[in-house]
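Chemist:
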Amino acid sequence: MEKRRFTLPENRKIHRQQTYSEIFRKGKRLKFPEFTLVFKDNDLPYSRIGISVGKKFGNAVQRNRAKRLCRELFRLNQYLLPTGVDMIFLPRKRLLDAKWPALVKTILRAGKEIEHLPRKKIQAR
RNA sequence: GCAGGCAGGCGGAUGAUCGCCCGUCUCAAGCGGGAGGAAAGUCCGGGCUCCACAGGGCAAGGCGGUUCGUAACACGAACCGGGGGAAACCCCAGGGAAAGUGCCACAGAAAACAGACCGCCCCGCCAAAUGCGGGGUAAGGGUGAAAAGGUGAGGUAAGAGCUCACCAGCUGCAGGGGUGACUCUGCAGGCUUGGUAAACCCCGCCUGGAGCAAGACCGAAUAGGGAGACGUUUGAAGGCGGCCCGUCUGAGUCUCCGGGUAGGUUGCUUGAGGUGCCGGGUGACCGGCAUCCCAGAUGAAUGAUCAUCCUUCCGGUUUGCGGAAGACAGAACCCGGCUUACAGCCUGCCUUCAAGG
RNA sequence: UGGGGCGUCGUCAAGCGGUAAGACACGGGUCUUUGGAACCCGCAUUCGCAGGUUCGAAUCCUGCCGCCCCAG
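Quick note: to get the working numbering, add 406 to the position in the first sequence (first position is 1).
1) Could you pull the DSSP bridge partners for PHE445 from this structure?
2) How about LEU382 and ALA472: do their beta carbons lie closer than 8 Å?
3) Please confirm whether VAL444 and GLY433 have their CB atoms less than 8 Å apart.
4) In the DSSP assignment, find the beta strand (DSSP E) that holds ARG454 and state where it starts and stops.
5) Mind checking GLY456: buried by the 16 CB within 10 Å criterion, or exposed?
6) For PHE412 versus THR512, is the C-beta spacing smaller than 8 Å?
7) Using the C-alpha atoms, what's the distance from ASN417 back to VAL510?
8) For the alpha helix (DSSP H) that GLU440 lies in, which residues bound it at each end?
9) Go to ARG474, then tell me how far its alpha helix (DSSP H) extends in each direction, as first and last residue.
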């Protein structure tokens, strides 16, 4: 079995404001108790991650923790999630009180739902 | 021991696995480093950078006991003065109200060039009392946050700093102490001049403006500016081609310069630096020597998971065990302060009370 | 980073040193067979919070807290 590396290079992150607005405009949304996920197909051989946490969420410590948890969720489960998808995490307040196994469960369920949706689109074409 | 005051410190620990950012010439590996006492609020003061600037004044804003400390401060230290507390100790924007102007509600006679409601006293009118009129007075009354020195004696028609003694306070002078704020003692004076300047104001002192998104450098694509060269029946340039010839298209093409957007680089971390020892100073702090290099991100790193231990709580209670929680809070150019938030714990000194020796 | 503004009853608000207006809403009452309307009465001892100045502070000063808006 090939040894997999759980790294997160710079090009797996979404940086540009334009990309964010595009995903928000054209992407689909999935709501979970801990966070909302906005996602859209990209034409790349890998998936990318973006995180958006507003000022209302809390102070800097709480915002940072939310971002780091989301990033770890994506990084550690990147081979179990569909490829070629841009996804933006919108954390909710409950994320900070959630337990790690529950979060993993949620992200895997999200991955399955995403995988089913684009296939329908491909078949329709 | 209880209660309290002051000063200072810590801010969970260790390991494993998977990651992130920076440095080590580049990539990988390896190695080294990777949030705080407040990093916070952005309330002051500086450094640094750019712009402006002969000198002086005004305006505006800030500060306000004194002397030190400091790069500087609105900060700190010591002291002085005032206030609070039984004490340790704490608090104070703490210059000027005998330069001027304003304000002081209600109550009260009167709230500030002093004044007269009730009183008290004298005189006149009336036979007398009451009453009325004229005058003197500021002791007593009541109002108020605040009422024109206090007490006693003399004095008087009644009284009054009108006079005297003592006390409080003011001004001036002299002397002693202190660098000084100030304080102590003595003498003289007028007898006493309300509060408010975080009301206007006066006096003294301070302040040029912006901010690292400062500033510097590199710089696409597209559009456009300036200069020059070669060209438009004597054909520049481009296509075909390794190149020349040739042939086709054909009116612009090429070079240089300057500005400059996206973006990138730099500023960017060695500094009024930390730690230890010694010395000076009551202290803030300063000096010397040794030693250390300790985050530099930029759509923004410093994390996650799992163990073991520590602290606290709950169930349980002999131990064990099971479960939960671990404050406030995240660097953004860098320092010095101030202010605010903070679970729990530790250390030293001091005060009061209680008990014992 | 720099600058500006606002917090007063449940809501909208006036007041800017001397007892905190008013409107709507709400509660009670009068009137009416009942409801509405009208009228009367009631409704802010934390004026965002904490200190200070003053005899006295919503108002003046200082420090916090929250919200909103600009500029680059």
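Each residue gets a CB set at the ideal place from its N, CA and C atoms; glycine is no exception.
Modeler: On the basis of the coordinates in this document:
1) LYS434 and MET493
2) No answer is possible for residue 382: the residues shown for the chain start at 407 and end at 531.
3) yes
4) 454–457
5) buried
6) no
7) 23 Å
8) Here GLU440 belongs to no alpha helix (DSSP H), and DSSP marks it neither H nor E.
9) 466–482
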